[in-house]
Amino acid sequence: MNKPNRINNTTNFNGSYLSSGVYFYTLKAGDFTSTKKLVLMK
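Below you can see the structure in the form of structure tokens.
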């Protein structure tokens, strides 16, 4: 059985300039779109 190819792609997030709070972010790749919630507490 063949396993699908896996690609890892990372990014660093520097929230030092943001206030504590709830933020939403969207990831898009081709036809895929996903919006998630991020809670930033300082």
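Numbering (our numbering), first residue to last: -5 to 36. Each residue gets a CB set at the ideal place from its N, CA and C atoms; glycine is no exception.
Consult DSSP for Lys37 and reduce its assignment to one of helix, strand or coil.
Examination of residue 37 is not possible in this model, given that the chain is present from -5 through 36 alone.
Among all the DSSP beta bridges, which residues are the ones paired with Gly15?
Here residue 15 is taken as the residue at index 21 of the sequence shown, counted from 1. Looking at the DSSP assignment, Gly15 forms a beta bridge with Leu34.
Return the CA-CA distance between Lys30 and Val16, expressed in angstroms with no decimal places.
As a position in the sequence shown, residue 30 is number 36, starting the count at 1. As a position in the sequence shown, residue 16 is number 22, starting the count at 1. Approximately 10 Å between the Cα atoms of the pair.
Could you compute how far the alpha carbon of Ala23 sits from the alpha carbon of Tyr11?
Here residue 23 refers to the residue found at position 29 of the sequence shown. Here residue 11 refers to the residue found at position 17 of the sequence shown. Going from the Cα of Ala23 to the Cα of Tyr11 covers about 27 Å.
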